[in-house]
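Residue numbers (our numbering), protein chains in the order written: chain A, 571 to 963; chain B, 13 to 462.
Idealized CB from N, CA, C, for every residue including glycine.
Keep in mind the model is a prediction, meaning the values are calculated, not measured.
Below is one structure, written out as structure tokens; the observations come after it.
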Amino acid sequence: MPDRIHLAVALDGAGWHPAAWREPTARPTELTSAAYWRALARTADGAGLVLATIEDALSLGGRSFEPDAETRRDRARGRLDAVLLASFLAPATRRIGLVPTATTTHPEPFHLATGLQTLDHVSGGRAGVRLVAGSTAQERRNFGRRTDGPAGLPASGRVEDDPALLAAFREAGEVADVIRRLADSWEDDAIVRDLDSGKFLDRERVHNVEFEGEFFSITGASIVPRSPQGQPLITALAHQTVPYRFAAEHADLVFVTPADATAVGGILGDLDGGDDLRVFADLLVLVEDSRAEAEAVWARLQERAPLTTDARVVVGTAADVVDEIRALAAAGVDGVRLRPARLPADLDAIADRVVPAAAAAGILLPDDGSPTLRERLGLPRLASRYARQEVGA
Amino acid sequence: MTRRQIHLAAHFPGVNNTTVWTDPSAGSQIDFSSFEHFARTAERGFFDYLFLAEGLRLREHRRQLHDLDVAGRPNTLAILTALAAVTEHIGLVGTLNTTFNEPYELARQLGTLDLLSNGRAGWNAVTSSDAFHGANFRRGGYLDHADRYVRAAEFAALSKALWSSWRDDAIEADAETGEFLRADAIERVRHESRLFDVDAVFDVPRSPQGRPAIVQAGDSPDGRDFATQHADVIFSLHTAFDDAQQFYRDVKGRLAANGRDEDSLKILPAATFVLGDTADEARERSREIALAQVRPQTAITYLEQIWNRDLSGYDADGPLPDVEPDTGVETAQGFAGRHAAIRARVGQLREQAVAENLSIRELVIRLTATHTFVGTPEHVASEIDRYVQERATDGFTVVGHVTPHGLDEFTDKVVPLLQERGSYRRSYDEGATLHDLLGLPPVPANAGAR
Ligand SMILES: Cc1cc2nc3c(=O)[nH]c(=O)nc-3n(C[C@@H](O)[C@H](O)[C@H](O)COP(=O)(O)O)c2cc1C
């Protein structure tokens, strides 16, 4: 029996290729419209994908450290807040996990945590988040609150060689920690509505988080009662040692970027994540009916704006994509996140061709009907840490 | 002559004792289905907008969580955005603090709500700030009252600048030339002051509304100044007719100095209501609801907050406590005024209780559970209409006492009567923004780009 895995999709603007917005199938004037996103989310939901991530950044140029990122006019620009976009998509979808991106440097962790808890409530237990550490100089100018921060990857290309990046990861760790603490701050049964005692709440089952960190502190409990998943799914994208460590310590699911299937083993070894960390490999895909057609489109895109990417690229037919997925599955990942080169075209192709072909090949975990995203991924619903403490006391 | 049109907002009941959770029909204050029902009801009643309060920390009483009233609510922006997906016409207004947010982020989130709802977003900008709430935020601490409105005004000005920094036609998306953005599509927004140092390029396109509508809910002179400068709507507490009329004149009178006309600012006080088939029946129901809102324990707790003492030994149906309030150590500088104020307040309550022969519970009912409109649907409709025709308000922010069905009866029984009187809309205009629903002047396009 072949290894069975999950499929996910990464949604972003007109797609992951910088020239995608110029394709005839693109809808470049609708990238921040309700109709566009509702259609994308419904396609992904209908395809049976386990989750969709939504990219975000806190500046016009995205998370690019290029100096002209804010001024160049040839790239698709304009974005919506991803956590809110996910909330909007929740009532329009039924099964798919919704995993918006959130930056850990500027937003108030309390607002982020309650936003994610609310996403979990409105989606019936399908909320996740992809945490991104650090900020660009323009993001800092947009907020005007902190001037210090990373200036980009250091010459070595390694996070550990830049103290500012290391600090950003420590801060991201604190944000992940308080998201979980605030989610735990209400025990499942804290609302008692007891007519006899006249008490709405059992105050013994709501706990102040009393978090004191290096970067911020938070005293009180969440304002949001515990949500269906207990805790939203925390995810991260990681390419190297420090982010791997962050993921192993703080994430439930990590997106990795193996150059090919043979690289998976090494990454899994480096990650050292344990049984409760799910590992998804990223693949950037462009799908057409024939390999020649796909390559022609790719050549056109590359000529207009060459793509630089961290992830492996597959340009070809649905069968080509399925071959890659099969190889990754055999190498031991729990899932593959597909980054469509063009939206909506490659998402449509994923829904219409890739998923059915992967299912037919027997490499896809079928939807077993588990109610929440965590359960669908085989992850436990964690009890409130505060409840556990009491039992032990 | 055409009648002045009534504007109605629908307030989702919050976490104080207005919400009767002991009512057998009371549902969840968290489940999305509650919000969806509420929103659909308000939309069925052609309300201008639905309105959510904000609380950033669970209420405490004598250093313990307050456990008598409804507690727990969703994140305001996230629930409004989810509601945008299941509604079509109604405005979506959230209370969001100017102290514990940053302009770029909040403007971006409200811009997101505005785009996803096709121009139905609104923002009730509140300044409430204290160390208790501050303990949940990076900023921490609190801001002096004076600085709170300085920050609020700069926050609003900066947000408006961000919302108007994109030309309406910024996105050219010319596949042939490869130009996605037009030249001069986006203006850089610079704001440097004692409180902010922002040099921003906004990343959310302009919505069909131009910008979210701004609501204000403070009552201090600073609050009123802020409103006349920046707000489109005031959510006031002035509901008694004469008082409302006076407030209305005061605030509208200040608009001209800001170069604004009377219609550019709507005043929508909070209003509760109890309906009955007869006036007597309505009064009886009002009495029952008040008793459910102010249970004996609630009444004692209310007084404990003023007295700052354990009053659990007192009988809620008996007279006011004979002990003096605990005003703490008076030597602390700057607190003398507060001590005097607490004593004065207690003295005032005692006088009222004696003069009207009120028990603790009856007094608290007077203070917190007096319903604005009580009567037959005809009576309530004619009262609401009178307030608006005689310029005491532009309408009301209606709040029911049960979640989530509290608005159903108003929508079914009062709204049709307002329509019959010719003072209330019978349908929404297709594609109307919240500004349009409120009858506000349109937001000018980005001037810099014209
Ligand atoms: C009717 C009304 C409703 C309010 N609702 C809220 C609320 O939901 N959340 C909040 O933090 N403050 C709320 N406030 C308080 C703030 O609007 C206000 O900023 C604060 O009281 C300080 O301003 P002031 O001194 O001008 O009143 C409300 C005030 C009024 C009058």
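Is A/V589 helix, strand or coil by DSSP?
In the first sequence, the residue the question calls residue 589 of chain A occupies position 19. Per the sequence presented here, residue 589 of chain A reads as Ala, with Val not at that position. If DSSP states are grouped into helix, strand and coil, A/A589 belongs with coil.
For the structure I just gave you, are there three or more beta carbon pairs, one from the stretch 69 to 76 of chain B and one from the stretch 142 to 150 of chain B, closer than 8 Å?
yes
Span of the beta strand (DSSP E), counted from its first residue to its last, around B/I312:
The residue labelled residue 312 of chain B in the question sits at position 300 within the second sequence. First-last for B/I312: 308 to 319, but that is the alpha helix (DSSP H), not the beta strand (DSSP E).
So if I threshold CB-CB distances at 8 Å, which residues from the stretch 656 to 681 of chain A count as touching chain B?
S657, F658, L659, A660, P661, A662, H676, P677, E678, P679, F680, H681
Does B/D397 pass the burial test, meaning 16 or more other C-beta atoms within 10 Å, or should it be called exposed?
Start at 1 with the first residue of the second sequence, and residue 397 of chain B comes out as number 385. Answer is buried; the Cβ neighbour count reaches 16.
Using a Cβ cut-off of 8 Å (strictly closer), state whether B/P25 contacts chain A.
For the purposes of this step, residue 25 of chain B is taken as residue 13 along the second sequence, with counting starting at 1. Answer no: the Cβ-Cβ gap between B/P25 and chain A never drops below 8 Å.
May I have the straight-line CA-CA distance separating B/E402 from B/I18, to the nearest angstrom?
Looking up residue 402 of chain B in the second sequence gives position 390. Looking up residue 18 of chain B in the second sequence gives position 6. Roughly 12 Å separates the two Cα atoms.
Could you name the residues of chain B that A/S603 contacts, counting a contact when the two beta carbons are closer than 9 Å?
Residue numbering aside, residue 603 of chain A sits at position 33 when the first sequence is read from its first letter. Near A/S603 (Cβ distances below 9 Å), the residues of chain B are L127, L128, N130.
Residue-level contact to chain A via CB, B/A164, 8 Å cutoff:
Along the second sequence, one-based indexing puts residue 164 of chain B at 152. Output row for B/A164: interface = no.
Does any CB atom of chain B fall closer than 8 Å to the CB of A/D718?
In the first sequence, counting from the first residue as 1, residue 718 of chain A sits at position 148. It does not; no Cβ of chain B falls within 8 Å.
Where B/P416 and A/T832 are concerned, what is the direct C-alpha to C-alpha distance, given to the nearest angstrom?
As a working mapping, residue 416 of chain B is identified with position 404 in the second sequence. As a working mapping, residue 832 of chain A is identified with position 262 in the first sequence. About 56 Å.
Burial state of A/N712 (16 or more Cβ within 10 Å):
What you label residue 712 of chain A is simply residue 142 of the first sequence in a count that begins at 1. When all chains shown are included, A/N712 counts as buried.
Less than 8 Å separating the beta-carbons of B/V471 and B/W135?
Absent from the structure is residue 471 of chain B, since the part of chain B shown begins at 13 and ends at 462.
Let me know the alpha helix (DSSP H) ranges lying completely inside the stretch 745 to 789 of chain A, each 4 residues or longer, listed in chain order.
none
From the DSSP output, in three-state form, read off A/L723 for me.
Working through the first sequence from its first residue, we reach residue 723 of chain A at position 153. Coil, per DSSP.
Give every residue of the same chain whose Cβ lies closer than 7 Å to the Cβ of B/W33, excluding the five residues on either side of it in the sequence, and list them in chain order.
Along the second sequence, read from residue 1 onward, the residue named residue 33 of chain B stands at position 21. Cβ within range, chain order: V82.
Kindly identify the DSSP beta-bridge partner or partners of A/G698.
The sequence position of residue 698 of chain A within the first sequence is 128, counting from 1. Paired residues: A/L803.
Restricting to Cα atoms, I'd like to know which of B/T313, B/V138, B/D255 is closest to B/P281.
Start at 1 with the first residue of the second sequence, and residue 281 of chain B comes out as number 269. Comparing Cα positions, the closest option is B/D255.
Decide if A/D845 is buried, meaning its Cβ has at least 16 other Cβ atoms within 10 Å, or exposed.
One-based indexing of the first sequence puts residue 845 of chain A at position 275. Exposed.
Going by beta-carbon coordinates alone, are B/K3 and B/V245 separated by less than 8 Å?
Summary: the structure shown does not reach residue 3 of chain B, with chain B confined to residues 13 through 462, and so no result is reported for it.
Could you name the residues of chain B that A/S629 contacts, counting a contact when the two beta carbons are closer than 8 Å?
Here residue 629 of chain A is taken as the residue at index 59 of the first sequence, counted from 1. Those are V213, D215, listed as they occur along chain B.
Can you list the residues of chain A that B/P220 reaches, using a CB-CB cut of under 9 Å?
Counting from 1 along the second sequence, the entry for residue 220 of chain B is found at position 208. The premise fails here: B/P220 is roughly 10 Å from chain A at the closest Cβ pair, so nothing lies under 9 Å.
Out of A/D890, A/A672, A/P926, which has the shortest C-alpha to C-alpha gap to A/S860?
Counting from 1 along the first sequence, the entry for residue 860 of chain A is found at position 290. Nearest C-alpha to A/S860: A/D890.
Please list the segments of the beta strand (DSSP E) lying wholly inside the stretch 617 to 654 of chain A, counting only runs of 3 or more residues, in order along the chain.
621 to 624
Is A/G886 helix, strand or coil by DSSP?
As a working mapping, residue 886 of chain A is identified with position 316 in the first sequence. Strand at A/G886.
Taking CB distances under 8 Å as the criterion, tell me whether B/A461 reaches chain A.
Stepping through the second sequence from its first residue, residue 461 of chain B is reached at position 449. Its pLDDT being 43, under 50, B/A461 is placed unreliably in this model, and the value from its coordinates should be taken loosely. By this cut-off, B/A461 is not an interface position.
Does DSSP put A/L658 in a helix, a strand or coil?
Here residue 658 of chain A refers to the residue found at position 88 of the first sequence. Checking the sequence, you will find Phe at residue 658 of chain A rather than Leu. Helix at A/F658.
Endpoints, alpha helix (DSSP H) assigned at B/F532
For residue 532 of chain B there is no data in the structure shown, the boundaries of chain B being 13 and 462.
Given 8 Å as the limit, is there contact between the stretch 204 to 215 of chain B and the stretch 627 to 646 of chain A, that is, 3 or more CB pairs closer than that?
yes
Measuring from the CB of B/F247, is there a heavy atom of ligand 1 at a distance below 7 Å?
For the purposes of this step, residue 247 of chain B is taken as the residue at position 235 of the second sequence. True, at least one ligand heavy atom lies under 7 Å from that Cβ.
Should A/V779 go down as buried or exposed, given a rule of 16 or more other Cβ atoms within 10 Å for buried?
As a position in the first sequence, residue 779 of chain A is number 209, starting the count at 1. Buried, by the Cβ-count rule.
Go through the stretch 106 to 161 of chain B residue by residue and report every complete run of the beta strand (DSSP E) that reaches 3 residues or more, in order.
133 to 138
If you compare alpha carbons, which of A/G714, A/G704, A/A862 is closest to A/A737?
Taking the first residue of the first sequence as position 1, residue 737 of chain A is located at position 167. Taking only the C-alpha atoms, the option nearest A/A737 is A/G704.
Put A/P670 into one of helix, strand or coil per three-state DSSP.
Numbered from its first residue, the first sequence carries residue 670 of chain A at position 100. A/P670: strand per DSSP, three-state reduction.
A/A590: buried (16+ other C-beta within 10 angstroms of its C-beta) or exposed?
The residue you call residue 590 of chain A lines up with position 20 of the first sequence. Buried, because 16 or more other Cβ atoms sit within 10 Å of the Cβ of A/A590.
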